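The structure under discussion appears below in the form of structure tokens.
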Amino acid sequence: MKGRIHSFETFGTVDGPGIRFVLFMQGCALRCKFCHNPDTWDTATGKVMTVDEVIAEIEPYIPYYKASGGGVTFSGGEPSLQAPFLAALARELKRRHKLHIAMDSSGFCEPSHLQSTSLLDAIDLILLDLKMIDEQKHIALTTQSNERILRLARYATDYGMKLWIRHVVIPELTNACADMEKLAAVINTLPTVERVELLPYHEMGKFKWTQLGLPYELDHIKPPSKEQLSAVQQQLQARLAVPVLI
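Using the numbering used here, the first residue of the sequence shown is number 1, and each one after it goes up by one.
Now the structure itself:
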């Protein structure tokens with residue numbers, strides 16, 4: 001069993017509980033205008049590695065992960081594109097080291113794909129990115145419908161999977177009051193959600209678009225102010241029973 005790996009981080013602190021090994025998988029079907037890793041899109045590139053090779057990269061740091069209540073997070077790209085490989089990797093990490101496993105996902109995956117690979121049986125948490133609830137706005141922002149994403153969210157919560165919802169706050173695009181109302185309404189239908197994380201849009205990935213010869217359409221947009229983030233947080237928190245964090 002082999003997977004295509006973009007890169008990894010050995011001391012991640014923002015992608016799940018505790019200190020974590022973050023494995024960035026190669027390949028993504030979305031083309032988000034704000035993506036800071038467009039170099040992960042291509043499904044045919046990346047370093048091909050086996051389960052044992054990836055585990056060898058993780059093992060030197062396991063004492064730190066366990067002591068902090070951390071573990072391993074599959075990210076990307078879109079990790080669910082390589083669900084068979086990650087299911088095998090997660091099962092082996094559980095068998096050898098009993099590590100907590102999370103997946104940071106756009107949710108752009110058919111539930112049947114996760115079911116056939118038993119990936120949900122091998123992980124403990126999904127960090128689910130809900131970028132936009134309005135379908136047409138989602139298409140404009142990512143080039144894809146969100147119908148599959150919302151279906152995956154319902155499937156995961158019905159399965160009993162713990163969810164942390166993530167939402168990128170982009171001024172002028174993803175912070176409108178009406179859109180936040182729709183986001184809160186969807187989250188309230190997902191009983192396994194434990195928290196909501198608001199991620200401020202940043203410009204750190206713009207240079208990658210330039211390197212790849214891609215036009216960056218959000219060049220006119222700046223990161224949200226503290227006041228803009230706080231306004232979104234307060235609106236969502238007033239409608240949700242779970243913590244809304246910045």
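Each residue gets a CB set at the ideal place from its N, CA and C atoms; glycine is no exception. Note that this is a predicted model, so its numbers are computed, not measured.
Query, Result
"Which one of Asp-219, Leu-199, Leu-198, Pro-200 has the shortest CA to CA distance from Phe-207?", "Asp-219"
"Across which residues does DSSP place Ile-165 in a beta bridge pair?", "Leu-128, Val-196"
"From the DSSP output, in three-state form, read off Asp-121 for me.", "helix"
"Leaving aside the five residues before and after Gly-124 along the sequence, list all residues of the same chain whose C-beta is less than 6 Å from its C-beta, in chain order.", "First, the amino acid is wrong: residue 124 is Asp here, not Gly. Correct list, in chain order: His-100, Ile-101."
"From this set, Pro-17, Thr-50, Arg-195, which residue's C-alpha is nearest Ala-67's C-alpha?", "Pro-17"
"Drop a sphere of 10 angstroms on the beta-carbon of Lys-131, count the other beta-carbons inside from all chains shown, and report buried for 16 or more, exposed for fewer.", "buried"
"For Gly-3, which residues does DSSP report across the bridge?", "Met-49"
"For Cys-177, count neighbouring C-beta atoms within 10 Å of its own C-beta (all shown protein chains included) and say buried if the count is 16 or more, exposed if not.", "exposed"
"Using alpha carbons as the reference points, say which of Met-1, Lys-137, Thr-192, Pro-215 lies closest to Lys-182.", "Lys-137"
"Exposed or buried, which one is Leu-212 when buried takes at least 16 other CB atoms within 10 Å?", "exposed"
"Give the list of continuous alpha helix (DSSP H) stretches no shorter than 4 residues that lie fully inside the segment 166-191.", "177-187"
"Could you check whether Gln-233 and Ile-246 sit closer than 7 Å to each other, using their CB atoms as the reference points?", "yes"
"Going straight from the alpha carbon of Leu-240 to that of Ile-165, what length do you get?", "12 Å"
"Straight-line CA distance for Arg-4 to Thr-43?", "8 Å"
"Taking 7 Å as the limit between beta carbons, can you name the residues of its chain near Val-22, skipping five residues before and five after?", "Phe-8, Glu-9, Gly-12, Asp-15, Thr-73, Ser-75"
"For a test of the three-state rule: what should DSSP assign to Val-54, helix, strand or coil?", "helix"
"Express the C-alpha separation of Pro-200 and Ile-221 in angstroms, rounding to a whole number.", "12 Å"
"Nearest by alpha-carbon distance to Ile-19: which of Ala-56, Val-51, Gly-71 is it?", "Gly-71"
"Is Ser-118 closer than 7 Å to Ala-87 when the C-beta atoms are compared?", "yes"
"With DSSP run on the structure shown, which of helix, strand or coil describes Arg-96?", "helix"
"Report the option in Gln-144, His-97, Leu-198, Leu-127 whose CA atom is closest to the CA atom of Ser-225.", "Leu-198"
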